[in-house]
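>
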Amino acid sequence: MAEFWTGVALPLVLIVAHILAIVVPLLGAVAYLTYAERKVMGAMQLRQGPMLVGPFGLLQPVADGLKLLGKETIIPAGANRVVFILAPILTFFLSLVAWAVIPVNAGWALADINVGVLYLFAISSLGVYGIIMAGWASNSRYAFLGAMRSAAQMVSYEVSLGLVIITVLLCVGSLNLTDVVMAQQSVWFILPHLPMFVIFFTSALAETSRTPFDLPEGESELVGGYFTEYSGMTFALFMLGEYANIILMSAFTVILFLGGWLPPFDVAPFTWIPGPIWFALKLALMLFCFIWMRATLPRFRYDQLMRLGWKVFLPASLLWVVLTAGVLVTFGWLPE
Amino acid sequence: MIFESLVFYLFSTILLVCGVMVITMRNPVHSVLFLVVGFFQAAGLFILMGAEFLALILVIVYVGAVSVLFLFVVMMLDVDFATLRRGFFAYLPAGMLVGAVLLTELVVIAGSWVVLPEASGNVALAIPPASEMTNTEALGRVLYTEYVYLFQASGVVLLIAMIGAIVLTLRTRDGVRRQSVPEQFARDPKEVVEVRKVPARGGLS
Chain A
1246 MAEFWTGVAL PLVLIVAHIL AIVVPLLGAV AYLTYAERKV MGAMQLRQGP
1296 MLVGPFGLLQ PVADGLKLLG KETIIPAGAN RVVFILAPIL TFFLSLVAWA
1346 VIPVNAGWAL ADINVGVLYL FAISSLGVYG IIMAGWASNS RYAFLGAMRS
1396 AAQMVSYEVS LGLVIITVLL CVGSLNLTDV VMAQQSVWFI LPHLPMFVIF
1446 FTSALAETSR TPFDLPEGES ELVGGYFTEY SGMTFALFML GEYANIILMS
1496 AFTVILFLGG WLPPFDVAPF TWIPGPIWFA LKLALMLFCF IWMRATLPRF
1546 RYDQLMRLGW KVFLPASLLW VVLTAGVLVT FGWLPE
Chain B
148 MIFESLVFYL FSTILLVCGV MVITMRNPVH SVLFLVVGFF QAAGLFILMG
198 AEFLALILVI VYVGAVSVLF LFVVMMLDVD FATLRRGFFA YLPAGMLVGA
248 VLLTELVVIA GSWVVLPEAS GNVALAIPPA SEMTNTEALG RVLYTEYVYL
298 FQASGVVLLI AMIGAIVLTL RTRDGVRRQS VPEQFARDPK EVVEVRKVPA
348 RGGLS
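Chain order of the listed sequences is A and B. Heads up: the first sequence begins at 1246 in my numbering, then just goes up one per residue. Heads up: the second sequence begins at 148 in my numbering, then just goes up one per residue.
(1) State yes or no: is the beta carbon of Leu1406(A) nearer than 7 Å to at least one beta carbon in chain B?
(2) On the CB-based measure, 16 or more other CB atoms within 10 Å of its CB, does Pro1521(A) come out buried or exposed?
(3) Please list, in chain order, all residues of the same chain as Val184(B) whose beta carbon is under 6 Å from its beta carbon, the five residues on each side excluded.
(4) By a C-beta neighbour count over all protein chains shown, 10 Å radius and 16 as the cutoff for buried, is Phe1515(A) buried or exposed?
(5) Could you work out which residues of chain A lie near Val206(B), taking near to mean beta carbons separated by less than 7 Å?
(6) Report the neighbours of Val210(B) on chain A: residues whose CB is nearer than 7 Å to its CB, in chain order.
(7) Give the C-beta separation of Leu162(B) and Ala190(B) to the nearest angstrom, bearing in mind that I take them to be a contact with Cβ-Cβ under 8 Å.
(8) Tell me the DSSP secondary structure of Pro1333(A) in three-state form.
(9) Out of Trp1433(A), Phe1483(A), Cys1416(A) and Leu1341(A), state which residue places its alpha-carbon closest to the alpha-carbon of Phe1510(A).
(10) Could you tell me whether the stretch 1558-1574 of chain A touches the stretch 1404-1413 of chain A, using the rule of 3 or more Cβ pairs below 8 Å?
(11) Note down, in chain order, each residue of its chain lying with its Cβ closer than 8 Å to the Cβ of Leu1355(A), except the 5 sequence neighbours on either side.
(12) Helix, strand or coil for Tyr1488(A)? Go by DSSP, reduced to three states.
(13) May I have the straight-line CA-CA distance separating Arg343(B) from Met1286(A), to the nearest angstrom?
(14) How would you write the range of the alpha helix (DSSP H) that Ile1411(A) sits in, first residue to last?
(15) Counting only Cβ-Cβ distances shorter than 8 Å, please list the residues of the stretch 1370-1392 of chain A near chain B, keeping chain order.
(16) State the Cα-Cα distance for the pair Val303(B) and Thr1453(A), rounded to the nearest angstrom.
(17) Please specify which runs of the alpha helix (DSSP H), each continuous and at least 4 residues long, are wholly inside the stretch 207-265 of chain B, giving them in chain order.
(18) Kindly indicate which three-state DSSP category Gln1429(A) falls into: helix, strand or coil?
(19) Would you tell me roughly how many angstroms separate the C-alpha atoms of Met1462(A) and Leu1501(A), rounded to the nearest one?
(20) Take Glu1317(A) and list the residues in its own chain whose beta-carbon comes closer than 6 Å to its own, dropping the five residues that flank it on each side.
(21) When the distance is taken between beta carbons, is Tyr1402(A) closer than 7 Å to Leu1242(A)?
(22) Take Phe186(B) and list the residues in its own chain whose beta-carbon comes closer than 8 Å to its own, dropping the five residues that flank it on each side.
(23) Where in the stretch 1433-1477 of chain A do unbroken runs of the alpha helix (DSSP H), each at least 4 residues long, occur, reported from the N-terminal end onward?
(24) Is the separation between the beta-carbon of Asn282(B) and that of Ala198(B) shorter than 7 Å?
(25) With three or more beta-carbon pairs closer than 8 Å as the criterion, would you say the stretch 1271-1291 of chain A touches the stretch 1302-1310 of chain A?
(26) Between the Cα of Pro1333(A) and the Cα atoms of Met1494(A), Pro1519(A) and Thr1473(A), which residue gives the shortest distance?
(27) Along the chain, where does the alpha helix (DSSP H) containing Ser152(B) start, and where does it finish?
(28) Around the C-beta of Asp1459(A), are 16 or more other C-beta atoms found within 10 angstroms, so that it is buried, or is it exposed?
(29) Assign Arg1394(A) to one of two classes, buried (16 or more other C-beta atoms within 10 Å of its C-beta) or exposed (fewer than that).
(30) I want to verify the contact list: residues of chain A whose CB lies under 9 Å from the CB of Phe200(B), in sequence order.
(31) What residues of chain B sit near Ala1396(A), judged by a beta carbon separation below 7 Å?
(32) In angstroms, rounded to a whole number, what distance separates the CA positions of Thr251(B) and Tyr1374(A)?
(33) Whole angstroms is fine: what's the gap from Val254(B)'s alpha carbon to Ala241(B)'s?
(34) Please work out which residues of its chain come closer than 8 Å, Cβ to Cβ, to Ile1330(A), disregarding the five sequence neighbours upstream and downstream, and give them in chain order.
(35) What separation, rounded to the nearest whole angstrom, lies between the Cα atoms of Ala1351(A) and Phe1524(A)?
(36) To the nearest angstrom, how far is the alpha carbon of Gly246(B) from that of Leu192(B)?
Written out as structure tokens, the structure reads:
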């Protein structure tokens, strides 16, 4: 019996605690990202944003959540019930499981697996299923068109995303996310790979369907896009999943290009601040950029979006892969 | 060990059930979704064998890209499966034949291991044990050295397939107005926009 407690039960409890330690702050961050988005956009548009619920409107996310919980979940008559319910659950689930491999500090990841980068890439490429399933199961033209656009968009931008990841991996020599961060001790990859950083960030915007690539939910033409028919808790799950994905892509960018938890300079005042704080600061910077883009840029047209993905980003990132590999081999800088 | 075999049987049972569901489902979209679940189980089996790279590539390529395209096609086309099923008995012999050939091959391989246990040693283990090298690295070493020509050849085959698809579907129509981004950038506001003063009640000629 004692063996059972120390061998099975205790690790189980520990891992559940670890999962909660990731998911609970993440959901808090999601809630306050919506608040930050409204506040920042308000400031950029000379408004105040949410002000009434709580001091400075700080309780607004809570109020929004309660409101969505209290609403009825309507399933359209012609909808495919099982797939309709499954789609938001899948979206939300995928946006959470990806966090298992994100290292917030040295050795702080839930699962420090060898192929962490591939795992993240795989999970982010699955996100399209929630959207397609939602669009198809709703049995609505708007939702279906939105889902089709979204699927085409995500599949297109994944290609350049993958090539950018390959350039970084060439300089690291490992698929482990902790190794990726540790390889940036001398210089963050944003400096040698600045064009790739721009491409990665733009593709991340497209992957998460954010402005200027928010065609799947272009209000003026498709109502709400793939979640037109969703209400109440199912809608809330989509929203939570979307914002959790934004944070995830920002975290991925921070790990690949901004040196993860490493301080910008390895000297005294910077090293006093612990790693997770650096990580959070960089994450906040990336999230601010996401919101900034939304407040600044108009929406792309669909053919422009496809052109940018296939005719600009794909050749550019492919060229950079070849260039990086060439430079690494020529100067003998290949990592062991 | 018991845990591992339990997990193995769990994954393979779900995999087989999914496989059956793929071919029995009425709704083609459900079939594709079951196919996706099946791919996941296969990925799980790969991970059990310690081949995490293959498992994730399976998920990225087959689940993340190929099945998405399947879903696309199945959702867009109005496939009437009732008419497809009408030919069931006509195609049955051919299908049975293919199935029988595959089954025989499997039986021959598995049988040879039973009859000659040392035959399984004939399979050259190209990949060193996981303790020496991660399997990503091991796979890369084999793929880009010993099999580099085959690797390149498969790339060329895919390229040709891609060109073929483009050639088959590309239509150039006249009178379509397309956006040319460089042309747009090259325009000078001074040449295309003219600011003129409009006299009151005069209008412009």
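Note that CB positions come from ideal geometry on N, CA and C, so glycine has one too.
In this structure, then:
(1) no
(2) exposed
(3) Cys165
(4) exposed
(5) Ala1367
(6) Leu1371
(7) The pair is not a contact, with the Cβ atoms about 10 Å apart (cut-off 8 Å).
(8) helix
(9) Trp1433(A)
(10) yes
(11) Ile1260, His1263, Ile1264, Ile1267, Trp1344, Ala1345 and Val1346
(12) helix
(13) 38 Å
(14) Arg1386 to Val1417
(15) Ser1370, Leu1371, Val1373, Tyr1374, Ile1377, Met1378, Trp1381 and Phe1389
(16) 33 Å
(17) 214-223, 228-233 and 235-262
(18) coil
(19) Note on identity: in this sequence residue 1462(A) is Glu, with Met being the wrong assignment. Glu1462(A) and Leu1501(A): Cα-Cα distance of roughly 29 Å.
(20) Gly1477
(21) Because chain A is modelled from 1246 through 1581, residue 1242(A) falls outside the range shown and cannot be assessed.
(22) Leu205, Val206, Tyr209, Val210 and Ser214
(23) 1439-1452 and 1464-1467
(24) yes
(25) yes
(26) Thr1473(A)
(27) Ile149 to Thr171
(28) buried
(29) buried
(30) Asn1359, Val1360, Leu1363 and Leu1420
(31) Val215 and Phe219
(32) 37 Å
(33) 20 Å
(34) Ile1320 and Thr1479
(35) 11 Å
(36) 23 Å
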